[in-house]
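Numbering (the numbering used here), first residue to last: 1350 to 1810.
Encoded structure:
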């Protein structure tokens, strides 16, 4: 495989639930559009890579982007401060941007989509009120309770003593969550009551997650298999994407502390047609209808983190954007014109959108800086990226030094994504590509996709 870009987009998944969108003719009547992708990580690199391939995309800007996005055809990085919404609106007006795709959750919670929409700029991403589904775990759980969305039993706390009394009553294992945004790290699965007490003190007293831990959600522990499920949502209409499975723990065998994600693969074998229907009916649609009833209709990518056991799914949490690193594999598998689909959705025509998917499996290995998620070095030179074959390398936490070399600039630094006939082949290709990269400070798990590979070896599907 020379590149993911070169794969035949017409080779769609057998038995897919959708047909090609056929929207290009309608959209093209309005001419090509300039696109702005907000963000700088691996998710945003993969979105820029996919969206820029559309014949409807005239040019794509990334704010701020990274050294990987700037190498893509038709893509330019721009130094727009996305925390200053007026500057983003002004840039969109100056560059005649016809579609903005907001990658990370922080600007969504801050209301960037609201301000762009108010200025007449078509934007893919929910309003600040709707983004509270991720910005406040307490709000999300209350929505679940009110609209009968299957999830773990829970209570909310701002007082450490009351939180600990609840933990003592419920026992361990138990889950302690910072309600606010904590970069994917504000969740502690406590195996003992003492560990749960420690998490309460860390979050409510020591403020290790700052204001994100001003309120806690403490909930029952759910066991089973985790799956990431995504849908494009516009009010009450929804179009599902393929499922994925993330690897949160830093170490092989799912050991060690949680991270933002050390790798992912798609589709997830644990997601069958029966569970897919249950998730759409009981989680995605109920959430969409509930948010509409709350006066905050959700328009954007709804991410449902699921726990599956005995053929039933429960919602662990909602996110309001594509996952990272799940998005990288989804973009590689998507056989439809995503720019076309998102344009249609922003014009109130999500019901016309159908997405098709390649029949392969995708697998992404995250190369992190040694020491992550703790202290880690920055600034070490990464070589060999241009010569990587058999996979696509998405930049997540990179920069350029004074000599123009690519260097590490974050915890999760590179995402190596490969396709294969099955997960085992995708896994082999991804790790072969990883070995082509020269970076002294690299750390990565060696077992991404292990559950799916074990299923294949056992003859299960």
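Cβ coordinates follow ideal geometry from the N, Cα and C atoms, glycine included.
Mark residue i as exposed unless 16 or more other C-beta atoms lie within 10 angstroms of its C-beta, in which case mark it buried.
i, result
"residue 1446", "buried"
"residue 1372", "Because residue 1372 carries a pLDDT of 39, less than 50, the predicted location of this residue cannot be relied on, and the following value inherits that uncertainty. So residue 1372 counts as buried."
"residue 1794", "buried"
"residue 1391", "buried"
"residue 1370", "Its pLDDT being 40, under 50, residue 1370 is placed unreliably in this model, and the value from its coordinates should be taken loosely. Burial call: buried."
"residue 1797", "buried"
"residue 1606", "exposed"
"residue 1713", "buried"
"residue 1801", "buried"
"residue 1724", "exposed"
"residue 1738", "exposed"
"residue 1808", "exposed"
"residue 1616", "buried"
"residue 1524", "buried"
"residue 1666", "buried"
"residue 1747", "buried"
"residue 1749", "exposed"
"residue 1450", "buried"
"residue 1812", "With the chain covering only 1350 through 1810, there is no way to say anything about residue 1812."
"residue 1658", "exposed"
"residue 1465", "buried"
Name the two residues that bound the continuous alpha helix (DSSP H) containing residue i.
i, result
"residue 1593", "Element bounds for residue 1593: n/a, residue is neither H nor E."
"residue 1440", "1434–1443"
"residue 1802", "1799–1806"
"residue 1587", "That residue, residue 1587, is in no alpha helix (DSSP H); its beta strand (DSSP E) goes 1586–1589."
"residue 1388", "Segment 1382–1388 is the beta strand (DSSP E) holding residue 1388; no alpha helix (DSSP H) there."
"residue 1545", "1542–1549"
"residue 1709", "Taken as a continuous stretch (DSSP letters only), residue 1709 belongs to no alpha helix (DSSP H), as it is neither H nor E."
"residue 1395", "1391–1400"
"residue 1498", "That residue, residue 1498, is in no alpha helix (DSSP H); it is neither H nor E in DSSP."
"residue 1569", "No alpha helix (DSSP H) holds residue 1569; the beta strand (DSSP E) holding it covers 1565–1569."
"residue 1509", "1509–1519"
Using a Cβ-Cβ distance cut-off of 8 Å, determine whether residue i contacts chain B.
i, result
"residue 1566", "Among the chains of the structure shown, chain B does not appear; only one protein chain is present."
Could you pull the start and end residues of the beta strand (DSSP E) that residue i belongs to?
i, result
"residue 1583", "1574–1583"
"residue 1619", "No beta strand (DSSP E) contains residue 1619, which DSSP labels as neither H nor E."
"residue 1683", "Residue 1683 -> no beta strand (DSSP E), and no H or E assigned at all."
"residue 1526", "1523–1527"
"residue 1322", "Residue 1322 lies beyond the range of the chain shown here (1350 to 1810); nothing can be said about it."
"residue 1536", "1536–1539"
"residue 1409", "1406–1413"
"residue 1607", "1604–1607"
Rounded to the nearest angstrom, what separates residue i and residue j at their Cα positions?
i, j, result
"residue 1806", "residue 1707", "23 Å"
"residue 1732", "residue 1785", "9 Å"
"residue 1364", "residue 1622", "Any reading at residue 1364 needs caution, since the residue's pLDDT is 31, under 50, leaving its predicted position unreliable; the model's value is listed next. Taking the straight line from one Cα to the other gives about 11 Å."
"residue 1669", "residue 1804", "30 Å"
"residue 1545", "residue 1539", "5 Å"
"residue 1468", "residue 1438", "7 Å"
"residue 1416", "residue 1783", "18 Å"
"residue 1610", "residue 1533", "8 Å"
"residue 1740", "residue 1775", "9 Å"
"residue 1384", "residue 1680", "16 Å"
"residue 1481", "residue 1752", "42 Å"
"residue 1382", "residue 1700", "21 Å"
"residue 1648", "residue 1440", "23 Å"
"residue 1599", "residue 1643", "38 Å"
"residue 1637", "residue 1554", "35 Å"
"residue 1404", "residue 1421", "15 Å"
"residue 1703", "residue 1690", "8 Å"
"residue 1394", "residue 1565", "33 Å"
"residue 1462", "residue 1560", "23 Å"
"residue 1790", "residue 1581", "37 Å"
"residue 1799", "residue 1662", "21 Å"
"residue 1743", "residue 1452", "14 Å"
"residue 1603", "residue 1595", "11 Å"
"residue 1635", "residue 1641", "10 Å"
"residue 1570", "residue 1520", "10 Å"
"residue 1396", "residue 1475", "17 Å"
"residue 1779", "residue 1757", "20 Å"
"residue 1727", "residue 1479", "36 Å"
"residue 1496", "residue 1419", "44 Å"
Examine the Cβ distances between the region 1571–1583 and the region 1648–1657 and report whether three or more of them are shorter than 8 Å. In the pairwise beta carbon analysis, the region 1571–1583 is classified as touching the region 1648–1657: at least three pairs are separated by under 8 Å.
Ignoring anything shorter than 4 residues or poking outside the region 1626–1661, list the alpha helix (DSSP H) runs there in chain order. List check, alpha helix (DSSP H) in window: 1634–1642.
Extract the residue ranges of the alpha helix (DSSP H) inside the region 1442–1482, only unbroken runs of 4 or more that lie entirely within it. Unbroken alpha helix (DSSP H) stretches of 4 residues or longer found wholly inside the region 1442–1482: 1454–1458, 1461–1467, given in chain order.
Taking 8 Å as the threshold, find out whether the region 1587–1596 comes into contact with the region 1549–1558 through three or more Cβ pairs. no
Taking 8 Å as the threshold, find out whether the region 1484–1497 comes into contact with the region 1521–1535 through three or more Cβ pairs. yes
Is there contact here, the region 1756–1774 with the region 1707–1718, by at least three beta-carbon pairs under 8 Å? By the criterion of at least three beta-carbon pairs nearer than 8 Å, the region 1756–1774 is in contact with the region 1707–1718.
Is it the case that the region 1401–1412 contacts the region 1462–1481, given that we only count it when at least three CB pairs across the two stretches are under 8 Å? no
Whole runs of the beta strand (DSSP E) within the region 1718–1776, excluding any shorter than 3 residues: 1741–1744, 1747–1749, 1755–1757, 1761–1769
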